[in-house]
Structure formats: structure tokens, C-alpha cells
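FYI, my numbering numbers position 59 of the sequence shown as 59, with every residue one higher than the one before it. We treat Cβ as the ideally placed atom computed from N, Cα and C, and that holds for glycine. Presented below is the structure to which this report refers.
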Amino acid sequence: MPLPLYLLALVVFAMGTSEFMLAGLLPDIASDLDVNVGTAGTLTSAFAIGMIVGAPLVAALARNWPGRSSLLGFVLVFAAAHVVGAVTTSFVVLFATRVLAAVANAGFLAVALTTAAGLVPPGKKGRALAVLLSGTTVATIAGVPGGSLLGTMLGWRVTFWAVAVLCLPATVGILLGIPTRSGHSDEAEGPALRSEIGQLRSPRLILVMLLGALVNAATFASFTFLAPLVTGSAGMARLWVSVMLVLFGTGSFVGVTFAGRLSDQRPGLVIAVGGPLLVIGWAALALLAENQIALLALVFVQGALSFAVGSTLITRVLYEAAGAPTMAGAYATAALNVGAAVGPLIAATTLRTVGNRGPLWASGLLVLAALLAALPFRHVMASRGVPVTPAGAVSCAEER
């Protein structure tokens, strides 16, 4: 895989740390800003909503901008939003900074996904996506638990400052590693924006976007409220939240790496095996949440399964949207974050009715809904990736 792909993954690591870190900070934020944990959990949904709206909108606006300048601008806005978030005493302002940071994240990820697809030969989008998403999984292994530990020791605001500082080496990586390209030339060679948006009329594309959203909703439903599960149902000390986040992140890294080797050629196998296991795992975790050993093991397993199935579905989005070279990344990002927005909202309602295990049951039902929706369309899931190269991708691959 080309070096610029790993530099993009570094930025995804910084942004992934921010996106996931609230899972370990919600109790402290709620206490400091005088809101309940359920309300604090809407910060995760705020981030996801910003991603949903920002991904297609910013991708459409930035399709004619030079790639490196676009990526750099998104990172700087992202960092500025965290600086404001670190100093505010208003929950409303914090909520707004999460939306702004998410829009910047969405723009970056949409451009980065398209860039990543253009850096590799046709038929290897799954492996490129696995490298890019490894930034997110490493964030769940190191960045998020580290942020949780830092927040526990020094306060949640320090974690926001740390994310802002983390953006600095990312900007250097973009400047040094990503070549400048003219978006206007890409536009001349590729389809018009109206044609790319028209790809959304494809039933196959809508299907894989829906399935990706459902599986990601399940992931965020439980991950967002992992802290109260660990300290409440399992009765473990606050510091164990960081351990659980490391386990989930390690599992997600294993899952996305494994799926990256299969999602191009055997996507149906990943979904057919991983999907049912994911449903069983969420139910088992809900039933065994009080058992600390079982909790430790199942958090790792669910991280692996969630990212294996989820990344495979998002890879399918890139393949099905191959006719929309500058918007495919936006469609994949939107699918991911529709789930990230809906999942915590559903989970928050179950906290009030079912308790700390409610999000786990909700996750199981969401994955089950995805499997039932996919069942009549098994041929779509089983089809191999079509080696269609986006506009500009051939020249990027040939440059290597």
C-alpha cells in the first residue's frame, strides 16, 4: 500500500479519537455541565449528524478543489472546534462544536475515501479502506482509552486539548505526503455532479448503505454507553472503562484487518458468517454483563465482528457507487454516520426503560434487522468487487 494512504490513516486516527472518545467521558461531561448522562450521550449523535449532513454537502462543494488543500483545511477547522470545546462552559456550545468538528471530519473522510480508492489498482478498494479505517481502530485501541485515562486524571477538557494538538503532525503529514492535484481536471474527465447524485437511484447502492447504517447503529448504540455498563452492571472501577475500550479497539483492528483481505473477493462470506455471530454476541453480552470475565472477552469479540461486517458493507458502498467518483466517499461516510446518529438515540431510550443492558439488546435487534433486510438480496452481498476505477484513479495508480 502506498505511503500517502498511511498518512491519511494518521489523520483518521486523530479524528477517530475525537469521535469515539466520548464513550469514556460522558459521566464527567454530564457532571461538569449539569446534564444527565443520556443528554450528554447526544453529543455522539451531534457528531454523527454533522457527518451525515457534511459528507455529501462538503464533498459536492470540494469536488473541484485541490485535494491537498481540501484535506488540510478540514483538519484545521477540526482542530479549532476542539479548542473551543475545551474552553466552553455551555453544553449548547459544546454540542455546536461537535457538529462543526463532524462536518470537517466528514469532508476530510469523504475526500480521503475517494483519494484512497485512487491510490490503489482496481479491485483493491477493500484493502485500501482497511488501511484507512485502521486509523479509526488504532484510535479505539490507543487514542480513546488514552483520552479516557487522561480525562479521568486531569479532566475531560484536557482530552479535547490533546486532540487539537494531535492534529498538528497530521497537517505536516498531509503537506509532505499528499500530492497537489487539480480538481478541475478531474471534473473534466469524470461525470457531472448531477450524474453522480443520480447514482443514489440505484437499489443496490441504497441497500448496502442501509445495511451499513444498521450495523454501525448497533456498534455505536452499545459503544457509546459502555462506561455505565462497566461501572454499573459489572460493578468494576472507573479505570476499567479504559481497559474495555482497549479491548474493543483491539478487536476492531483485528476485524477490519481480516475483513480487508476478504471484502474485495468474498464479501458474502464475511456477512453470512459474521452477521449472525454479531447478533448472538450482543445478546450474550447483555445476558452476561455482570460476569466480568465474560464481559472482557465479549467486548473484544464484538469489536472484531462489528468492524469486520461494518467495513465490508462500507466497501460494498464504494463498489456500488463506482460511477460517482467524487461522491462515493461521501455516500460511504453518510451511511456510516446515519447509524452513528441513530444508534445512540435508540440506546438512550433503552437506558430509561431497560437499564444499562438496554443498548446491548438494541444492538442485537439492529443487526438482526440488517440481516433480515439483506436475506432476499444475497446475490448483491455475495458479488465480488467490480474493478471499476474512479475518474483520476487510473492516473494515480499509474503514477506509482
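TODO: Could you tell me the boundaries of the alpha helix (DSSP H) in which Pro-27 lies?
DONE: 26 to 32
Task: Cα-Cα separation between Gly-323 and Leu-10, rounded to whole angstroms - done: 28 Å
Task: Beta-carbon proximity list for Val-75, same chain, < 7 Å, skipping 5 on both sides - done: Val-11, Phe-108, Cys-167, Ala-170, Thr-171, Ile-174
Open item on the list: Between Thr-44 and Thr-224, how many whole angstroms is the CB-CB distance? I'm expecting something under 8 Å.
Closed with: 5 Å
- [ ] Report yes or no: do the region 350 to 363 and the region 278 to 297 share at least 3 C-beta pairs separated by less than 8 Å?
- [x] yes
TODO: With a 10 Å radius around its C-beta and 16 neighbouring C-beta atoms as the bar for buried, classify Pro-344 as buried or exposed.
DONE: buried
TODO: Note down the Cα distance separating Phe-160 from Val-83, rounded to an integer number of angstroms.
DONE: 7 Å
Task: For Ala-104, the nearest candidate out of Pro-27, Gly-281, Val-58, Ala-221 (CA to CA) - done: Val-58
Task: Buried or exposed (CB count within 10 angstroms, at least 16 for buried), Leu-7 - done: buried
Open item on the list: Helix, strand or coil, according to DSSP, for Leu-262 in the structure here?
Closed with: coil
Task: Whole alpha helix (DSSP H) elements within the region 213 to 289, 4-residue minimum - done: 240 to 260, 267 to 287
Open item on the list: Suppose contacts are defined by Cβ-Cβ distances below 8 Å. Is Val-138 in contact with Phe-253 by that definition?
Closed with: yes
- [ ] Following the continuous alpha helix (DSSP H) through Phe-307, name the residue where it begins and the one where it ends.
- [x] 292 to 320
TODO: Please classify Asn-356: is it buried, with 16 or more other beta-carbons within 10 angstroms of its beta-carbon, or exposed?
DONE: buried
Task: Burial state of Val-158 (16 or more Cβ within 10 Å) - done: exposed
- [ ] Give me the Cβ distance between Leu-368 and Val-273, rounded to the nearest whole Å; I'm assuming they're in contact under 8 Å.
- [x] Between Val-273 and Leu-368 the Cβ distance is about 15 Å, and since that is not below 8 Å, they are no contact.
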